[in-house]
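Written below as structure tokens is the structure these notes are about.
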Amino acid sequence: MPYWRKCKDFAVKIIIWLFSLAALAFLFWILSDLIIKGLPNITFDYITSEYNEYKGINGIAPMIVTTLWIISVTLIISGVTGVFAAVYLAEYSRPGPIVSVIRFALESLTGIPSIIYGLFGYIFFKSILKLGFSILSASLTLAVMVLPFVIRSTENALRSVNRLYRDGSFALGATKLYTVMNITLPCAAPRIITVMLLTVGRIAGETAAVYFTAGTVYRYPEGIMSSGRTLSVHIYMLAKETGNYDETYAAALVLVIFISLIHFIVNTASRVINAERI
């Protein structure tokens, strides 16, 4: 019997390794394809100049700025709303109809396709609220889209904090609010930062929702009420309208590098902050 168990364990390990290697192989394939086809077309002028298809100028600087705008505004809206909602669910809520409705709404919103969010943002934020094609319309739409993930993940991060920390704070006479703000949230901060990092990738790579709300104008945004074109929408427009796949691969590689840099900067800042706390 122990022999068969060892064989089963060995077989399971082999299967796990095979699937892990397959996932790495697909990742390596995608990245190598982007690098081989996109890197030769990336220059300093390509990163820093504007785009004008009529004059033959192929820069992506306005798209990078627009993407940064939308990421920043969306993170502020979804981060603040999501963290406070998660604090309520994890620390203050009690089982009942209100909490059941909230959890049902979160589960329902998670499975909705992004193009539906785009249509919702186009009708509600752009038309009904008269925000037009703007960074604010796109950011509000994306905030609604990522909010279920932010709330559920942040709630799990808060619940993972050791209960003894809370009990120790209460034993010293601290209030519930003080404990949440000074004990629970700081302890859960690394996992919350990870949630926000995953959200950045979702926001930067979203196309359908942004296409319907931010527009496709390739210009520098003057503020949150300006329309613009993100990198993901620009990649879609290049592949769909111009058929210039060299530029498409270049823009896609820039987007991957862009997201990776954001992850690296935030992770580094998080480690420094945690080291200073310790």
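In this note's numbering, the protein residues as written are 1 to 278.
Beta carbons are placed, not taken as given, at the ideal position from N, Cα and C, and that holds for glycine.
Since we're looking at a predicted model, the values are computed, not measured.
{"Item": "6 Å Cβ shell around Ile192 - same chain, five flanking residues per side excluded", "Value": "Thr154, Ala157"}
{"Item": "CA nearest to the CA of His234, picked from Gly121, Ile64, Tyr178", "Value": "Ile64"}
{"Item": "Residue closest to Ala86, alpha-carbon to alpha-carbon, out of Tyr51, Leu31, Lys130, Phe149", "Value": "Phe149"}
{"Item": "Three-way DSSP call (helix, strand, coil) for Asn58 in this model", "Value": "strand"}
{"Item": "Val62, buried or exposed, once every other Cβ within 10 Å from all chains shown has been counted against 16", "Value": "With the sequence shown as reference, residue 62 is identified as Pro, and Val is not the correct amino acid for it. Label assigned to Pro62: buried."}
{"Item": "Beta-ladder partner(s) of Tyr51, from DSSP", "Value": "Asn58"}
{"Item": "Reduced DSSP category for Ala174 - H, G, I as helix; E, B as strand; rest coil", "Value": "coil"}
{"Item": "Assigned secondary structure, Leu323 (DSSP; H/G/I helix, E/B strand, else coil)", "Value": "This structure cannot settle anything about residue 323, because the visible part of the chain is limited to 1 through 278."}
{"Item": "Span separating the alpha-carbon of Gly215 from that of Leu34", "Value": "26 Å"}
{"Item": "Endpoints, alpha helix (DSSP H) assigned at Leu131", "Value": "First-last for Leu131: undefined, no H or E at that position."}
{"Item": "Nearest-angstrom Cα separation, counted from Glu222 out to Asp167", "Value": "49 Å"}
{"Item": "Cβ neighbour criterion (16 or more within 10 Å) applied to Thr141", "Value": "buried"}
{"Item": "Backbone CA spacing between Ile183 and Val266 [nearest angstrom]", "Value": "22 Å"}
{"Item": "At least 3 beta-carbon pairs within less than 8 Å: the stretch 187-204 vs the stretch 97-107", "Value": "no"}
{"Item": "Opening and closing residue of the alpha helix (DSSP H) in which Glu107 lies", "Value": "97-110"}
{"Item": "Beta-carbon spacing of Gly121, Ser137 below 8 Å", "Value": "yes"}
{"Item": "Exposure of Glu247, with buried meaning 16 or more beta-carbon neighbours within 10 Å", "Value": "buried"}
{"Item": "6 Å Cβ shell around Ala250 - same chain, five flanking residues per side excluded", "Value": "Gly38, Asn41, Ile42"}
{"Item": "Pro190, DSSP secondary structure in three states", "Value": "helix"}
{"Item": "For Val233, the first and last residue of its enclosing alpha helix (DSSP H)", "Value": "231-237"}
{"Item": "Proximity winner among Lys13, Ser169, Thr207, relative to Gly118 (alpha-carbon distances)", "Value": "Thr207"}
{"Item": "Test item: CB-CB of Ser232 and Leu255 under 8 Å", "Value": "yes"}
{"Item": "C-beta contact flag for Ile203 and Ile30 at 8 Å", "Value": "no"}
{"Item": "Endpoints, the alpha helix (DSSP H) within which Val210 is located", "Value": "208-213"}
{"Item": "Contact belief for Ile135 with Val200 at Cβ below 8 Å, rounded distance in angstroms", "Value": "That pair is no contact at about 16 Å."}
{"Item": "Terminal residues of the alpha helix (DSSP H) in which Ser114 lies", "Value": "114-121"}
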